[in-house]
Amino acid sequence: MSGKTPGAYEIPQEMREFADKSVEQARKAFDGFVGAAQRTVSAMDASAGPLQPSVHDIGRKAIAFAETNVAASFAYAQRLVQARDMAEVMDIQTRFLQDQMKAMEQQARELGDALSPAAGKGKD
Numbered sequence: 050m051s052g053k054t055p056g057a058y059e060i061p062q063e064m065r066e067f068a069d070k071s072v073e074q075a076r077k078a079f080d081g082f083v084g085a086a087q088r089t090v091s092a093m094d095a096s097a098g099p100l101q102p103s104v105h106d107i108g109r110k111a112i113a114f115a116e117t118n119v120a121a122s123f124a125y126a127q128r129l130v131q132a133r134d135m136a137e138v139m140d141i142q143t144r145f146l147q148d149q150m151k152a153m154e155q156q157a158r159e160l161g162d163a164l165s166p167a168a169g170k171g172k173d
C-alpha cells in the first residue's frame, strides 16, 4: 500500500504553483480589460443625451458587477487549488455557488432599479 487514504485528493505542489500563476495572469489581463471598458463607458457618456445620468449609472454598475464576479471567481479558483481533500473542495464549491446566487440576485435587483428611470426618460 502507498499509505495514502483511498480517494485522497492530491495536487502536486508544482501544479498548485502553476495554477496560482495562471490565475494571477488572468486577473491582470482582466484588470486591463476593465480599465478599457471604464474608459469606453466614460467616452459614451457624452453621447447619451437626456439619458446620460441613467446610462452612466447602468454602465458603471455593470462594470462593477463584472469586476466583483470575476474577482470572486479568481478567489474561488485559488481556494480550489489549495484544497486539501474532496470534502473541502465540495465545501468551497457549495459556498461559492451560494454566494454567487445571492450576488446575482442583488445585482439583478440593482440593475432593474437603475433601468426603471432610464426607461421612463426614454419615453418622454
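Count along the sequence shown from 1, add 49, and you get the number used in our numbering.
Yeah, the Cβ is synthetic: ideal placement off N, Cα and C, and Gly gets one too.
Bear in mind the structure is a predicted one, so any value in this text is a computation, not a measurement.
Tell me whether residue i is buried or exposed, calling it buried when 16 or more other Cβ atoms sit within 10 Å of its Cβ.
{"i": "GLY84", "result": "exposed"}
Are residue i and residue j close, meaning C-beta to C-beta below 8 Å?
{"i": "SER103", "j": "ALA157", "result": "no"}
Can you name, in chain order, every residue of its own chain whose Cβ lies under 8 Å from the Cβ of residue i, other than the five neighbours on each side?
{"i": "LEU160", "result": "ILE107, LYS110, ALA111 and PHE114"}
{"i": "ALA75", "result": "PHE123"}
With hydrogens ignored, establish whether the beta-carbon of residue i is closer than 7 Å to any heavy atom of the ligand SAM.
{"i": "PHE67", "result": "Of ligands this structure carries none, so the ligand SAM is not represented either."}
Can you give the Cα-Cα distance for residue i and residue j, rounded to whole angstroms?
{"i": "PRO178", "j": "GLU137", "result": "Nothing in the structure corresponds to residue 178, since the chain is present only between 50 and 173."}
{"i": "PRO61", "j": "GLU154", "result": "37 Å"}
{"i": "ALA92", "j": "GLN142", "result": "39 Å"}
With a threshold of 7 Å on Cβ separation, who are the neighbours of residue i within its own chain once the five nearest residues in sequence on each side are excluded?
{"i": "PHE79", "result": "VAL119"}
Are three or more beta carbon pairs between the stretch 120 to 139 and the stretch 63 to 75 nearer than 8 Å? yes
Three or more C-beta pairs below 8 Å linking the stretch 115 to 127 and the stretch 140 to 155: yes
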